[in-house]
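Engineer:
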Amino acid sequence: MSKKQKVSIEVKKGKFPEILSGYVLPLAFLVFIFFITTFKISGDDDIFWHLQVGKYITANNVIPSTDVFGFVTTGQEWIPFEWGFDALAYNIYSVSGYTGLSIFRSLIFVGIFFLLYRLSLKLKLDQTITFFILLLLTAALFERFLIKPQIVSYLFTAILLYIFLSYSMLKREGSRLMYFLPIIFLIWANMHMGVLSGIVLFTIFVITEAVGLLKPQFLLNKENPSSRNQFVKLVMIYAASVLVLIMNPQGMGTYTYVYSHLQMKMMEDVFEWRSPFDKMFEGTMYVYVYYIYLAAALTAIYYAFRRKDLLSGAIVLIFAVFSTRTARFSIDFMLVTSPFVILALNHFLKSSSQKKTNSTGNTLFARVIPIVLSAVILTGIVLLPGSNLYSIFNYDRITGFGVDENAYPVKAVNFIKENRIADSKSRPFNTYDCGGYLIWEVNGAKNFIDSRGLNDDIYYSFKSINNKEYGFEKKFDSYGFDYVLWSFPKLPWNNTELKTSILSYLIKNNENWKLVYWDDFSFVFVKNNEKYKNVIEQFEFKYANPYYYVFEKEPLKNALATDPQRVTEEIKRNLRLNPDGIFIQAMAKSFNVKL
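Just so it is clear: in the sequence shown, position 271 is 271 by the working numbering, and no numbers are missing.
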């Protein structure tokens with residue numbers, strides 16, 4: 001009898017909910033994960049400098065130990081401790097472009113959820129509970145569906161959970177898988193520092209297995225504890241996994257560098273290193289899901305106490321405590337605790353079913369919830385291709401491949417390339433969130449700052465200059481900048497930045513700085529010198545700019561009276577460059593200028 005015939009018979013027997021849980025939900029959920037992680041690059045500048053690092057390593061066959069991308073920070077100690085991911089990402093890009101990178105990202109997340117699903121099947125856990133928690137985990141990871149090194153950590157964490165729980169419950173199969181752990185940790189140590197979280201997880205596992213040798217009642221599988229021979233092998237594998245952590249280009253220096261890096265004051269401004277209870281997270285989906293997980297963790301800890309399950313209790317408790325420190329750790333906590341929450345809920349559901357065999361509530365759970373979950377997932381799949389799901393949650397993501405041109409200064413950087421404004425000797429002032437994009441897109445260009453956050457001095461110098469703090473003019477002049485790339489994607493909806501940032505200073509300081517390109521959120525200025533004479537003559541916007549239009553209107557009014565032809569020409573030129581621009585359309589309408 002074929003599988004299709006078996007399914008047909010089961011439907012006739014009234015087993016539709018079981019078919020949903022066993023066939024429809026797994027397939028639909030993995031398709032949903034692939035779709036929800038397939039969106040254009042946006043909201044994060046890291047991927048571009050990661051690609052540039054990978055390109056540098058591939059082209060030069062060397063991993064740098066000092067900065068090679070910032071004109072101020074050149075020669076400063078910098079250890080690209082995620083070099084393995086950088087090289088991998090660049091080589092994927094060189095073969096298949098941004099599409100290949102997106103598929104790589106999606107396959108990693110599909111792998112994570114597939115491993116958790118397979119683990120649930122192995123442990124014979126309720127699939128309705130499993131997919132409910134996996135859907136919750138999807139919401140927890142939503143902000144992290146980015147092409148960044150930490151996604152490798154998430155995948156390896158899922159692999160560890162799969163191996164450890166397989167070992168605990170199914171000794172023979174789990175024992176075979178354990179031999180792969182040193183290789184996993186070797187790769188992981190050269191891709192992302194989340195490897196330290198993995199070692200914590202492994203350490204907890206080894207300790208609980210050691211306790212189990214003396215007190216099997218504290219094991220997850222009390223009937224099948226490790227033998228002494230199995231435990232000795234486990235310890236040897238653990239020791240090998242710890243030793244390979246120093247098999248990276250800088251050895252222990254990598255970890256001391258990472259530690260000192262995390263001690264910088266600027267980390268207080270990085271959202272992922274803030275406490276999950278910080279006010280900035282209020283009202284976000286992330287924090288609500290985190291609170292649900294904290295409540296679920298209490299359930300898992302209670303289950304561990306009742307069952308005397310030391311592994312579940314220790315992992316959930318330790319990662320829960322760490323999660324209260326930073327938002328980054330809270331994501332690890334939600335991923336790591338998911339299998340244990342499923343275990344706990346499965347136990348309590350079975351206990352409830354045994355006590356109330358004919359319970360209407362249990363029948364409702366078994367029959368209705370799978371239908372609801374399937375409907376939610378299928379609805380998500382339908383909504384994602386048109387980015388409608390993101391719109392519902394008021395989130396700036398666009399389903400598809402490539403770069404979201406509304407999130408990065410794409411046109412401005414193209415202008416810089418086409419007109420050869422930047423070269424290896426140029427000294428730009430650029431905003432924090434586009435430094436990576438600049439060095440990636442403009443061959444040989446250096447930047448002032450990027451999201452690597454190399455030191456406090458450069459970060460606070462940037463803030464002081466961009467926010468026009470006391471004495472910023474002197475500081476700005478001291479760096480000898482020769483061009484400026486200023487970008488702020490939310491500018492049309494927060495136009496006070498025109499007035500409060502360095503932008504207004506540059507526009508008013510027209511004798512020294514010339515505006516040669518602008519759109520709704522990006523501006524390019526060049527130093528008024530011989531090097532940029534031709535660029536200035538061809539492209540200067542002397543009067544038509546958003547600052548004069550929105551705030552200091554007098555120069556534009558005077559120009560309309562004394563040099564109306566120049567104003568009209570500038571507006572038309574920008575309209576040709578940015579026909580959909582919010583600022584330029586408003587300006588053209590106000591002054592009755594048409595192409």
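Virtual Cβ for every residue (Gly too), placed ideally from N, Cα, C.
How far does the alpha helix (DSSP H) with residue 522 in it extend, from its first residue to its last?
Structural biologist: Where residue 522 is concerned, there is no enclosing alpha helix (DSSP H), although the beta strand (DSSP E) it sits in stretches over 522-527.
Engineer: Using 8 Å as the cut-off, can you tell me whether the region 269-287 makes contact with the region 213-229, which would need three or more C-beta pairs spanning the two stretches below that distance?
Structural biologist: The region 269-287 vs the region 213-229: no contact.
Engineer: Inspect the beta-carbon positions of residue 30 and residue 154 and report whether they are closer than 8 Å.
Structural biologist: No, they are not a contact pair.
Engineer: Tell me the DSSP secondary structure of residue 66 in three-state form.
Structural biologist: Residue state, collapsed to three classes: strand.
Engineer: Which value, in whole angstroms, describes the spacing of the CA atoms of residue 266 and residue 119?
Structural biologist: Distance between the alpha carbons of residue 266 and residue 119: 40 Å.
Engineer: Near residue 539, which residues of its chain fall below 7 Å by C-beta distance, leaving aside the five closest residues on each side in sequence?
Structural biologist: These residues qualify, in order along the chain: 516 and 517.
Engineer: Secondary structure at residue 517, three-state DSSP: helix, strand or coil?
Structural biologist: Reduced to three states, the DSSP call for residue 517 is strand.
Engineer: Sorted by chain position, which residues of the same chain lie with C-beta nearer than 6 Å to residue 522's C-beta, five sequence neighbours on each side aside?
Structural biologist: Counting only Cβ-Cβ distances below 6 Å, and skipping sequence neighbours, we find 409, 412 and 487.
Engineer: Are the region 42-51 and the region 432-443 in contact at 8 Å, needing three or more beta carbon pairs?
Structural biologist: The answer is yes - the region 432-443 touches the region 42-51, with three or more Cβ pairs under 8 Å.
Engineer: Which whole runs of the alpha helix (DSSP H) in the region 251-310 are 4 residues long or more, in chain order?
Structural biologist: 252-262 and 285-307, all fully within the region 251-310.
Engineer: How would you call residue 379, buried or exposed, if buried means at least 16 neighbouring beta carbons within 10 angstroms?
Structural biologist: With fewer than 16 Cβ atoms within 10 Å of its Cβ, residue 379 is classed as exposed.
Engineer: Please report the distance separating the alpha-carbon of residue 160 from that of residue 399.
Structural biologist: Going from the Cα of residue 160 to the Cα of residue 399 covers about 31 Å.
Engineer: So residue 595 and residue 576 are supposed to be a Cβ contact under 8 Å. How far apart are they, rounded?
Structural biologist: That pair is a contact at about 7 Å.
Engineer: If you follow the alpha helix (DSSP H) that residue 555 is part of, which residue opens it and which one closes it?
Structural biologist: Residue 555 -> alpha helix (DSSP H) spans 554-562.
Engineer: On the three-state DSSP scale, how would you describe residue 90?
Structural biologist: Of the three classes helix, strand and coil, the one that applies to residue 90 here is helix, per DSSP.
Engineer: Leaving out five residues on either side along the sequence, give the residues of the same chain with a beta carbon under 7 Å from the beta carbon of residue 461.
Structural biologist: So the qualifying residues of the chain are 475.
Engineer: Only counting runs of 3 or more residues, tell me where the beta strand (DSSP E) segments fall wholly within the region 399-467, in order along the chain.
Structural biologist: Runs of the beta strand (DSSP E) inside the region 399-467: 428-430.
Engineer: Is it right to say residue 328 is buried, meaning 16 or more other beta carbons lie within 10 angstroms of its own, or is it exposed?
Structural biologist: Classification for residue 328: buried.
Engineer: In whole angstroms, what separates the C-alpha of residue 485 from that of residue 96?
Structural biologist: Their backbone Cα atoms lie some 29 Å apart in a straight line.
Engineer: Could you round the C-beta distance between residue 70 and residue 425 to whole angstroms and report it? I think they count as a contact, below 8 Å.
Structural biologist: Contact flag wrong, Cβ pair sits at about 13 Å.
Engineer: Which residues does DSSP pair with residue 77 in a beta bridge?
Structural biologist: DSSP lists 66 as partners of residue 77.
Engineer: Is the beta carbon of residue 549 less than 8 Å from the beta carbon of residue 525?
Structural biologist: Not closer than 8 Å, so no.
Engineer: To the nearest angstrom, report how far apart residue 316 and residue 289 are at their CA atoms.
Structural biologist: One C-alpha to the other measures close to 16 Å.
Engineer: Measure the alpha-carbon distance for residue 134 versus residue 122 and round it to whole angstroms.
Structural biologist: When rounded, the distance between both Cα atoms is 16 Å.
Engineer: Would you mind sorting residue 94 into buried or exposed? The rule is 16 or more other CB atoms within 10 Å of its CB.
Structural biologist: Classification for residue 94: exposed.
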